[in-house]
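Accompanying notes for the structure given below.
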Amino acid sequence: MNEKKILVTGADGFIGSHLVECLVKKGYAVKAFVLYNSFNSWGWLDTLDKTLLKEVEIFQGDVRDPFGVKKAMTGCNKVLHLAALIGIPYSYHSPQNYVETNIQGTLNIVQAAKELNLEKVIHTSTSEVYGTAQYVPIDEKHPLQPQSPYSASKIAADQMALSYYYAFQLPVSIIRPFNTFGPRQSARAVIPTIITQIANGNKAIDLGSLTPTRDFTYVDDTAEAFAKALEADAIIGKTINLGTNFEISISDLVKEIASLMKADIQVTCDEQRLRPNKSEVERLLSNNAMAKNLLNWEPKHQALTGLRAGLQKTIEWFLHKDNQAMYKAGIYNI
25 MNEKKILVTG ADGFIGSHLV ECLVKKGYAV KAFVLYNSFN SWGWLDTLDK
75 TLLKEVEIFQ GDVRDPFGVK KAMTGCNKVL HLAALIGIPY SYHSPQNYVE
125 TNIQGTLNIV QAAKELNLEK VIHTSTSEVY GTAQYVPIDE KHPLQPQSPY
175 SASKIAADQM ALSYYYAFQL PVSIIRPFNT FGPRQSARAV IPTIITQIAN
225 GNKAIDLGSL TPTRDFTYVD DTAEAFAKAL EADAIIGKTI NLGTNFEISI
275 SDLVKEIASL MKADIQVTCD EQRLRPNKSE VERLLSNNAM AKNLLNWEPK
325 HQALTGLRAG LQKTIEWFLH KDNQAMYKAG IYNI
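In our numbering, the protein residues as written are 25 to 358.
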């Protein structure tokens, strides 16, 4: 495997950093594309075991820059493209940033891959592209509904990537995770939001809508699926859901986390955390049959018992004082 180098964009992020760990442990040679900044920060990669990190080649750049993207991709055989601007609330008032990063960034990736004749491009989508479920479980044929500028940018990015498969026979695959959670996740996501507020001693937890349901996948399972996608030839030109086929409401999720943390809390509706009415995605529940068939992948954390096991590991990580110090629990992060 060391003869082939894998480029991971968004390697400094939540899922990306876990994926880098996973790939190095499996023996892959990894080049990690991180967002350039004047602080010389490599994001979550800075927290990895130093022995493991020595095995990783770091490239600092910006996916919005086609020249840097092509330079980063030079010498690589395959690319796992995870770099994206995430977060739905921020997309309401800064949509152009999403167009530039998610759509233009993806164009830069596939164009460079075409010019350099890469063996495989794995592009990361999101379950948000489906919008509120029209039927469940949601399979890959479900209609796409852009209920936020963020989801619209991801739909466009997905289609841009697929267009290079149809137009130029570029070996592109789309991996579409449902709601991934675990250590290192941004506090803009609901699970870290709940955990950090409880860990901060809050008795009243500020949240948005409690009625939506989500299909939560533990991050180690998501990373394992991406790793399997590298060696799966049958996925070229296809879109594949990653989920657990289990849904839970935000209201019940709060109860599960509070129980695991032995906390007596109340939930307060914070108006600024509510999405516009037609923008809220009310239900997401995956059909992961294609992932089972084509990736030979099945999440280890399944159903309520699996969710609880993943939540417990996530809570333990967030409760560590060094990790807790990196989060601003008292500030709403859009």
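Just so it is clear, CB atoms sit at the ideal spot from N, CA and C, and this is done for glycine as well.
Which of helix, strand or coil DSSP assigns to residue i
| i | result |
| --- | --- |
| Thr263 | strand |
| Glu295 | helix |
| Gly320 | Looking at the sequence provided, one finds Asn at residue 320 rather than Gly. Residue state, collapsed to three classes: coil. |
| Thr156 | coil |
| Phe240 | strand |
| Asp276 | helix |
| Ala313 | helix |
| Ala256 | coil |
| Ala360 | The requested residue 360 is not part of the displayed model; the chain covers only 25 to 358. |
| Lys302 | helix |
| Thr246 | helix |
| Phe38 | helix |
| Ile358 | coil |
| Leu47 | helix |
| Thr235 | coil |
| Ala213 | coil |
| Thr268 | coil |
Own chain partners of residue i with C-beta closer than 7 angstroms, once the 5 adjacent residues on each side are dropped
| i | result |
| --- | --- |
| Val305 | Glu152, Gly155, Thr156, Gln171 and Pro236 |
| Gly360 | The chain is shown from 25 up to 358; residue 360 falls before or after that span and cannot be answered. |
| Val291 | Ile229, Leu231, Leu234 and Val278 |
| Leu194 | Val134, Ala137, Lys138, Val145 and Tyr188 |
| Ala315 | Ala249, Ile264, Asn265, Leu266 and Trp321 |
| Ala376 | In the structure as shown, the chain begins at 25 and stops at 358. Residue 376 is therefore absent and cannot be evaluated. |
| Asp86 | Leu59, Tyr60 and Gly92 |
| Trp66 | Asp36, Val58 and Ile82 |
| Ala256 | Leu318 and Leu319 |
| Gln326 | Thr268 and Phe270 |
| Glu340 | none |
| Gln296 | Tyr356 |
Supposed close pair residue i, residue j - CB separation, criterion 8 angstroms
| i | j | result |
| --- | --- | --- |
| Ile358 | Gly111 | 6 angstroms |
| Phe202 | Leu308 | 6 angstroms |
| Ile199 | Ile146 | 6 angstroms |
| Ile289 | Ala211 | Between Ala211 and Ile289 the Cβ distance is about 17 angstroms, and since that is not below 8 angstroms, they are no contact. |
| Met97 | Leu69 | The Cβ separation is near 19 angstroms, so there is no contact. |
| Leu106 | Gly37 | 7 angstroms |
| Ile30 | Leu284 | Not confirmed; about 35 angstroms, so no contact. |
| Val214 | Ile274 | 6 angstroms |
| Phe270 | Asp239 | 6 angstroms |
| Tyr356 | Asp294 | 7 angstroms |
Neighbourhood of residue i by C-beta distance below 8 angstroms, restricted to the same chain and skipping five residues each side
| i | result |
| --- | --- |
| Val48 | Val54, Leu76, Glu79 and Val80 |
| Phe342 | Pro207, Pro216, Ile219, Thr220, Ala223, Gln348 and Tyr351 |
| Val44 | Val32, Ala35, Val54, Ala56, Leu69, Leu72 and Val80 |
| Ile260 | Lys144, Tyr189, Pro195, Val196 and Ser197 |
| Lys262 | Glu164, Ser197, Ile198, Met314 and Leu318 |
| Ser149 | Lys178, Ala181, Asp182, Ile198, Ile199, Arg200, Pro201 and Thr263 |
| Phe192 | Lys138 |
| Lys337 | Gly206, Pro207 and Tyr242 |
Own chain, CB closer than 6 angstroms to residue i, minus 5 neighbours either side, in chain order
| i | result |
| --- | --- |
| Ala108 | Asn126 |
| Val160 | Leu309 |
| Asn121 | Leu109 |
| His42 | Val243 and Ala247 |
| His166 | Tyr154 |
| Pro119 | Pro173 |
| Leu168 | Val153 and Ile179 |
| Ala282 | Ile289 |
Residue i CB to nearest heavy atom of the ligand NAD below 7 angstroms
| i | result |
| --- | --- |
| Leu308 | Of ligands this structure carries none, so the ligand NAD is not represented either. |
| said: Taking 8 angstroms as the cut-off, does the stretch 184-191 touch the stretch 220-230 (at least 3 CB pairs, one atom from each stretch)? | reply: no
| Length at least 4, wholly inside the stretch 322-355: the alpha helix (DSSP H) runs in chain order | 327-343 and 345-348
| Ranges of the beta strand (DSSP E) found wholly within the stretch 107-153, counting only runs of at least 3 | 144-148
| query | Any chance the stretch 124-135 sits against the stretch 85-95, with 3 or more Cβ pairs inside 8 angstroms? | reply | yes
| Inter-stretch contact (C-beta, 8 angstroms, three-pair minimum) for the stretch 322-335 and the stretch 244-260 | yes
| request: Answer yes if the stretch 102-120 comes into contact with the stretch 158-178, meaning at least three C-beta pairs across the two stretches below 8 angstroms, and no otherwise. | output: yes
| task | Identify every run of the alpha helix (DSSP H) within the stretch 64-111, keeping only runs that are complete inside it and at least 4 residues long; order them along the chain. | result | 74-77 and 90-97
| message | Check whether the stretch 57-65 and the stretch 265-278 touch, using three or more Cβ-Cβ pairs below 8 angstroms as the test. | response | no
| Residue ranges of each beta strand (DSSP E) within the stretch 153-211, 3 or longer | 196-201 and 203-205
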